[in-house]
Each structure stands twice: as C-alpha cells, then as structure tokens.
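Data first, discussion second: the structure below is written as structure tokens.
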Amino acid sequence: MAEAQKYLPGLPDDEDDLEVFIDPGLAEEAERIAEALVFASAQPISESYIASRIPRGVGVGRVMARLKASYASRGVNLVQVADHWAFRTAADLSFVVQTDEQEIKKLSRAALEVLAIIAYHQPVTRAEIEDIRGVQTSKGTLDVLMEAGWVRFRGRRRTPGRPVTFGTTRDFLDHFGLEEIRDLPGIEELKGAGLLSGRVPSNLHIPVPVGEDELSDNEDPITQMDLEELGLLTPKAEGDD
Numbered sequence: 006m007a008e009a010q011k012y013l014p015g016l017p018d019d020e021d022d023l024e025v026f027i028d029p030g031l032a033e034e035a036e037r038i039a040e041a042l043v044f045a046s047a048q049p050i051s052e053s054y055i056a057s058r059i060p061r062g063v064g065v066g067r068v069m070a071r072l073k074a075s076y077a078s079r080g081v082n083l084v085q086v087a088d089h090w091a092f093r094t095a096a097d098l099s100f101v102v103q104t105d106e107q108e109i110k111k112l113s114r115a116a117l118e119v120l121a122i123i124a125y126h127q128p129v130t131r132a133e134i135e136d137i138r139g140v141q142t143s144k145g146t147l148d149v150l151m152e153a154g155w156v157r158f159r160g161r162r163r164t165p166g167r168p169v170t171f172g173t174t175r176d177f178l179d180h181f182g183l184e185e186i187r188d189l190p191g192i193e194e195l196k197g198a199g200l201l202s203g204r205v206p207s208n209l210h211i212p213v214p215v216g217e218d219e220l221s222d223n224e225d226p227i228t229q230m231d232l233e234e235l236g237l238l239t240p241k242a243e244g245d246d
C-alpha cells in the first residue's frame, strides 16, 4: 500500500477505504446478494459467509450497515446477532404476527435465576452458580436451558475435578434481541426495572465476552472423552475408527 501511495498520492491509507473506488453498481449488487442470503436462511447467517459470496473488494461491514439502515423503518428489521445477521419482525409489530396457537413457554424462577447468572458471570461452573444463588441447582434446571438452546458447555475449568463451564449461545442473543453479551442491561437498569432487590451480589458484573469459540485462560476445550463422560456422545467401541 505504501509503495502504491508513492505513485498514487490520492490513494487512501486504510485498505477499507478502497471501497470508495468501487463501481456503485457493484456495491448495489453486493447488497442484493447479502439481502438474498439473509432472507433465504432460517438461521442467522455469518458475516464471513456473506463476505465469501459478495463481489471481492466490497466491505461486508459497510454492506450490512447500509442494509440495516434501509430496513430500520420497515415491517422487518435486519438485526445483528454477534457476528451473524438475520431478518426479524419489527419490535413494535410483534403483536401482529402472534397467533393463539403459539405455545408460550415460561421458565421457572430457578431457571431464570440460573440463566441470568450464566449470562452475567460466564464462564461459570455449576458450583459457582450454586454459590451465587445460595441453593443447590438441579440438573433438570440446566437441562431445560440447554434444551432451549440458550446455554451451552463452554469448556472445563483448570481446577481440581475439572468442572464443566457454562456460557450462553448465539440463540440466547437472538431470542432476547441482543447483538452481543455487552448489551445486557447494567445493574442500575435492572434496579430501575424492578428486576433486582436491594440484596445484589457484590460480584455481579457485566462480563467481557471472549468470543463464541474462544476459551478463557483457565479453561480447556471440551474433548471427545468429555462429551462421552457428560452423556452427550455414545462411547466408541474398541476397534472403531
């Protein structure tokens, strides 16, 4: 880039700025492709996948930002979920698409407490959840959250016994309309909404996410043997490849 600037003084310093030289027709084509990809997918679609399908040299971030803005006032909105994108009914119109046949699943108070603790303290072990709640947490409560797709096994803590750590999923962010875990309401917001009593744990904090596939310094990845031990995979028979 520096060499090119020697001969082309008007060339931008940032490679992302090269997009200003792209034919507007190419940029429009990229938006149409991205729009079609998100529309055709039943699940949030990753930026990396979109980037691999749009014309080379067109910045996917700018494409999605423009699409998001164009859908901001429409009946469906383009929303970001972590590094994925999806179309969702505009929040103020959600009542229009609800039907009487829809089954509304309500979590128990215990499940809500556990979900909140995992969201705000991840990565967190079952023992740590119980320490924060002050009561024992049944396996069924965690099973309900995992079956809903909102909680997942992250890894194993590098402590005696190597306990499993829990964290939230992209489906959790999608369901609650969050782009990232940082968008969770702060303590003052929770108090203002009447969702916190005066007895707030001193260690309650908004976590800094380490990324969906990244582990913290004191975690090990889940292995095949771990999954078998947790009952998520059938143990391999001797001699199996």
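So that you can map any letter, position 123 of the sequence shown is 128 in the working numbering, and since no number is skipped, the others follow by simple counting. Note that beta-carbon positions come from the ideal geometry of N, C-alpha and C, so glycine has one too.
DSSP state of residue i mapped onto helix, strand, coil
i           : result
residue 158 : strand
residue 153 : coil
residue 30  : helix
residue 225 : strand
residue 116 : helix
residue 1   : Outside the displayed range of the chain (6 to 246) lies residue 1, so it cannot be described from this structure.
residue 93  : strand
residue 86  : strand
residue 146 : helix
residue 177 : helix
residue 106 : At residue 106, the pLDDT of 46 sits below 50, so the modelled position is not reliable and the matter cannot be decided from this model.
residue 81  : strand
residue 140 : coil
residue 172 : strand
residue 63  : coil
Exposure label - residue i; buried when at least 16 CB within 10 Å
i           : result
residue 98  : exposed
residue 119 : buried
residue 126 : buried
residue 29  : exposed
residue 32  : buried
residue 228 : exposed
residue 194 : exposed
residue 224 : buried
9 Å Cβ cutoff met for residue i and residue j
i           : j           : result
residue 157 : residue 220 : no
residue 95  : residue 71  : no
residue 84  : residue 93  : yes
residue 115 : residue 164 : no
residue 129 : residue 171 : yes
residue 131 : residue 86  : no
Spatial neighbours of residue i in its chain, beta-carbon cut-off 6 Å, leaving aside the 5 residues before and after
i           : result
residue 68  : 35, 36, 39
residue 231 : none
Cβ-based neighbour list, residue i, same chain, cut-off 7 Å, excluding 5 preceding and 5 following
i           : result
residue 153 : none
residue 188 : none
residue 44  : 92
residue 51  : 88, 89
residue 226 : 160, 220
residue 176 : 154, 155
residue 173 : 123, 124, 127, 155, 156, 186
residue 65  : 52, 55, 56, 59
Closest by C-alpha distance to residue i, when choosing among the options
i           : options            : result
residue 222 : 161, 60, 141       : 161
residue 179 : 59, 62, 75, 82     : 82
residue 186 : 58, 123, 50, 138   : 123
residue 56  : 89, 121, 76        : 89
residue 111 : 61, 169, 150, 138  : 150
residue 143 : 190, 113, 181      : 113
residue 191 : 121, 148, 167, 173 : 121
residue 184 : 73, 137, 62        : 73
residue 148 : 117, 63, 64, 136   : 117
8 Å CB neighbourhood of residue i in its chain, flanking five on each side removed
i           : result
residue 46  : 91
residue 42  : 50, 54, 55, 58
residue 135 : 141, 142
residue 167 : 161, 225
Residue i at chain D interface by Cβ criterion, 9 Å
i           : result
residue 126 : Here chain D cannot be found, since the structure has a single protein chain.
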